[in-house]
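In my numbering, the protein residues as written are 6 to 307.
Below you'll find the structure, written out as structure tokens, and then a few comments.
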């Protein structure tokens, strides 16, 4: 077998151009909004803190993440063809898993930053120094690569001798694995191990961090202080719940019990809709970023 066929949204032929316009708008919105966040966190002196350093990297990661999926979806919707070579499919899967795993680890690093800021405020500058921040970001970006490359290689080393149609809009791990003629037991075990290491363990670390954060916030005597602390953490917590919720259901649910429509909807949720919401969540609930945006707008209008 030399290629797969991504079925995409062929079950909705009358909405092809509507979906094309919708996803194009979403893609442009994600690029513009995250680029603005990157620019203002670089330029504004008030945003030169570890929290915004992580947010800067997170915004760049979101741009990379959606660029792996949405342009391909737009091309397939435009041409009404979903043919994709084995190499292109493997590359897309590999990058989706790398960026997804990196997002899990980066969200964990951001939770640790909030934990130190609220629970250890006197040691914040020394603990979260620039070197530590760089190491945490580098670890998030690099640590997933060897495992994902090995996992992708093992999947595409399987024999694909049956149907080549993937009822999906991307080459995601569960859907490709369903088409294999070989025994996939070891691959599914590998998938569960990866899910535990890169999704469940980071999620538990985030839950522990926020347990201690909330406990500390409730001890604050000032209502204003509690409100500010909750405001600082709530944006990150919303993103964590949305991303981890949909990703864990996709990769932990047994492949045989996952319906085609559910799998496609969940993937659409965490690969397209959540990256669209993230810039809105982080900007609308953050006074510092809103002030930086006003300053930037004032400078541009002069």
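Quick reminder that beta carbons are idealized off the backbone N, C-alpha and C, glycines included.
As the structure is a prediction and not an experimental result, all values here were calculated from the model.
(request) Check whether the Cβ atoms of residue 124 and residue 229 sit closer than 7 Å, and answer yes or no. (result) no
(message) residue 34 and residue 66 - do their beta-carbons sit closer together than 7 Å?
(response) Between residue 66 and residue 34, the C-beta spacing is not below 7 Å.
(message) Tell me the DSSP secondary structure of residue 88 in three-state form.
(response) strand
(request) Check the DSSP bridge columns for residue 244 and list the partner residues they point to. (result) Per DSSP, none; premise fails for residue 244.
(request) Using beta-carbon positions only, say whether residue 153 and residue 102 come within less than 7 Å of one another. (result) yes
(message) With H, G and I counted as helix, E and B as strand and the rest as coil, what does DSSP make of residue 127?
(response) helix
(message) Against chain B, with Cβ distances strictly below 7 Å, would residue 28 count as a contact?
(response) Within the model displayed, chain B is absent; a lone protein chain is all it includes.
(request) State the start and end residues of the unbroken alpha helix (DSSP H) segment that holds residue 208. (result) 206–224
(message) Please state the DSSP three-state secondary structure of residue 9.
(response) In the structure shown, residue 9 sits in a strand (DSSP, three-state: E or B).
(message) My output table needs one value for residue 103: the three-state DSSP class, helix, strand or coil.
(response) helix
(request) Please name the residue, chosen from 161, 184, 225, 243, that lies closest to residue 212 on a Cα-to-Cα basis. (result) Sorting 161, 184, 225, 243 by C-alpha distance to the C-alpha of residue 212 places 243 at the top.
(request) Pick out whichever of 187, 296, 193, 11 has its Cα sitting closest to the Cα of residue 91. (result) 11
(message) Can you give me the C-alpha to C-alpha distance between residue 55 and residue 286, rounded to a whole angstrom?
(response) 19 Å
(message) Beta-carbon within less than 6 Å of residue 64's beta-carbon, same chain only, minus the 5 sequence neighbours each way: which residues are those?
(response) Excluding residues within five positions, the ones whose Cβ falls inside 6 Å are 39, 42, 43.
(request) Please list, in chain order, all residues of the same chain as residue 81 whose beta carbon is under 8 Å from its beta carbon, the five residues on each side excluded. (result) For residue 81, where only same-chain residues beyond five positions count, the Cβ hits under 8 Å are 11, 13, 87, 174.
(message) Can you confirm whether the stretch 181–201 touches the stretch 266–285 when touching is taken to mean that 3 or more C-beta pairs between the two stretches lie within less than 8 Å?
(response) no
(message) Please classify residue 170 as buried or exposed, where buried requires at least 16 neighbouring CB atoms within 10 angstroms.
(response) Per the 10 Å Cβ criterion, exposed.
(request) Identify, in the order they occur along the chain, each residue of the same chain with its Cβ nearer than 8 Å to the Cβ of residue 20, setting aside the five sequence neighbours on each side. (result) 14
(message) Less than 8 Å between C-beta atoms, sequence neighbours within five positions excluded: which residues of the same chain meet that for residue 17?
(response) 24
(request) Give a yes or no on whether the C-beta atoms belonging to residue 3 and residue 235 are separated by under 7 Å. (result) Not covered by the structure: residue 3. The range shown for the chain is 6 to 307.
(message) Less than 7 Å between the C-beta atoms of residue 75 and residue 28, yes or no?
(response) The Cβ-Cβ distance between residue 75 and residue 28 falls below 7 Å.
(message) Can you look up residue 171 in the DSSP assignment and give me helix, strand or coil?
(response) strand
(message) Pop quiz: residue 118 and residue 133 are said to be a contact at Cβ under 8 Å. What is the actual Cβ separation, rounded to whole angstroms?
(response) 6 Å
(request) Measuring alpha carbon to alpha carbon, tell me which of 178, 116, 231 ends up nearest residue 94. (result) 178
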